[in-house]
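Numbering (my numbering), first residue to last: -9 to 344. For each residue, glycine too, the CB sits at the ideal point set by N, CA and C. Comments concern the structure below.
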Ligand code: PEP
Ligand code: MN
C-alpha cells in the first residue's frame, strides 16, 4: 500500500466495530450495519484480547481472522485488529488484515513493541499505537520511534486515556494535554481518539468525541456491537451501529483552517487586528512599568513602603467593577491586575535596591 491510509483520507477518519469478535454472525452483522450508516471508514474487532485478569473472555483467537476477511470482502472496508506479539503480526499478515493496532497494555512494554516492530520489518502496513496505560508521554513516543526505526511509514496514534485510582467518571482519565503534547512533538503523526475506552460508559461518548474534534484530532475509534448489553467484553461502553450512526451525525466537525479563500482572508484580517491590539498591550504594559519604576524612585527618596494595602484593595475593586461593565469575568480581571501588580512590585524592589 503506497498511499497512506492516514494522510489521504478525509477528517475525521472513522473506525468502528466491536470490542471483540465473538461469533462470525455477530461480527459480520455489526460490520454490515455500521457500513449501512455510511459513517465508517474502517472496521475494528479485537481477536486477541489483553484482559486485566485471567478468566475473562480472552478473545476468539486466529479463528476470527477469516471472519475479518469476510467483513472486508462484503463491505469493501479495510479491517484492523490488535496485535501484541510477533506471532499475531504474522497471522494478520497471512490473512490480509489491512491495519494493525498496538494496545495500551502492550505500549507500556518496550520489549513487546520492539518484537512487533521487528516482525514488521520490510512490511509497510499501517500501524496505530495506543497510548500506554500510564500517563508517560515518552513511553508513547518511544513506541512510535521503534516502529519508525523498523521502517514503517504509516503510523497513527490512538488516545484512549490513562489508568487512575480514585473517584471515577471516566474509565480512563483523558489527560488531553498529554495528547496535545504528543502532537507538538510528532506533528506528522495523526491522532485518533478512542472515546469508548476513555468513557467506559455510553452516555459520555458524544461529549468526548466532540472534544476530540474541537481539538482537531484526525479521527475516532468507537466500539459498536449489535447487542451491546450482551457483549463478551466492554459491554457498558458499546453502542449499536444505529446509535453510532446518529452520534456521528450529531458531531460538529470544525476545521483548523477554512477551505474557502474568502473566509481565510477574513480570518487573517481579524488575526492582524488582534496582533495590533496585542502589540499595543505590550507597549502599554511597558509604559505602565516605567511609571512604576519612577514611583519606586520617589518612594526610595521619601522612605515610603512599596505596598500600601489600602491602595491595592481600591485598585482591585475599581477594576473588577469596570471589568464587569465590559463583560470581563472577575476571575480574569483579578488574575490580570494581580499579575501587573506583582510585576510592578518586583520592578520597584529593583529600584529600591538601587
Ligand atoms: C480495545 O481496543 O478493545 C482495547 C483492548 O483497548 P486498550 O488497549 O485501549 O485497552
Ligand atoms: Mn474494548
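With fewer than 16 neighbouring CB atoms inside 10 Å of its own CB, residue 258 falls in the exposed class. Here residue 272 is exposed: its Cβ has fewer than 16 other Cβ atoms, across all protein chains shown, within 10 Å. When only Cα atoms are considered, residue 220 and residue 255 end up about 53 angstroms apart. DSSP places residue 72 in the uninterrupted beta strand (DSSP E) bounded by 69 to 73. The DSSP assignment places complete alpha helix (DSSP H) segments of no fewer than 4 residues inside the segment 174 to 225 at 185 to 189 and 195 to 204, in order along the chain.
Non-local beta-carbon contacts of residue 235 in its own chain, meaning distances under 6 angstroms to residues more than five positions away in sequence, involve 27 and 29 in chain order. Residue 89 has 70 as its beta-bridge partners, per DSSP. Any heavy atom of the ligand PEP counts here; residues with a Cβ closer than 5 angstroms to one of them, in chain order, are 9, 36, 93, 94, 120, 150 and 187. Per DSSP, residue 252 is one residue of the alpha helix (DSSP H) stretching across 251 to 291.
Counting C-beta atoms within 10 angstroms of its own C-beta, residue 0 has fewer than 16 neighbours from the protein chains shown and is therefore classed as exposed.
Rounded to whole angstroms, the gap between the alpha carbons of residue 48 and residue 213 is 17 angstroms. Exclusion of the five residues before and after residue 207 leaves 181 and 183 as the residues of its chain whose Cβ lies within less than 6 angstroms of its Cβ. Between the ligand MN and residue 321, a heavy atom-to-CB distance of less than 8 angstroms is absent. In this structure, the C-beta of residue 219 stays at least 8 angstroms away from each heavy atom of the ligand MN.
Less than 9 angstroms divides the Cβ of residue 102 from the Cβ of residue 74. Between residue 39 and residue 10 the beta-carbon gap is near 6 angstroms, inside 8 angstroms, which marks them as a contact. The residue among 117, 36 and 43 with its C-alpha nearest the C-alpha of residue 134 is 117.
Taking C-beta atoms as the reference points, residue 69 and residue 34 count as a pair closer than 9 angstroms. Here the distance from the Cβ of residue 249 to the nearest heavy atom of the ligand MN is not below 8 angstroms.
Judged by beta-carbon spacing, residue 185 lies beyond the 9 angstroms limit of residue 169, meaning their Cβ atoms are not closer than that value. Contact between residue 188 and residue 151 is confirmed by a C-beta separation of about 4 angstroms, below the 8 angstroms threshold. Here residue 7 is buried. Its C-beta has 16 or more other C-beta atoms within 10 Å.
Taken from the Cβ of residue 268, every heavy atom of the ligand MN lies 8 angstroms or farther away.
Secondary structure of residue 46 (DSSP, three-state): strand. As computed with DSSP, residue 245 is found in no beta bridge at all. Excluding sequence positions up to five before and after residue 12, its CB lies within less than 6 angstroms of the CB of 222, all in the same chain and listed in chain order. Residue 223 has its CB nearer than 8 angstroms to a heavy atom of the ligand MN. The beta carbon of residue 202 sits closer than 6 angstroms to those of 183, all from its chain and outside the five residues before and after it, given in chain order. Of the heavy atoms belonging to the ligand MN, at least one sits nearer than 8 angstroms to the Cβ of residue 227. Within the same chain, Cβ atoms closer than 6 angstroms to the Cβ of residue 226 are found at 191, the five residues on either side in sequence being excluded. If you draw a straight line from the Cα of residue 24 to the Cα of residue 320, it is about 48 angstroms long.
A distance criterion of 8 angstroms places the beta-carbon of residue 12 beyond contact range of the ligand MN, judged by its closest non-hydrogen atom. Cβ neighbours of residue 237 within its own chain (closer than 6 angstroms, five residues either side excluded): 196. Under the three-state reduction of DSSP, residue 112 is assigned to coil, being neither helix nor strand. In the structure shown, residue 149 adopts extended strand secondary structure according to DSSP, grouped into three states.
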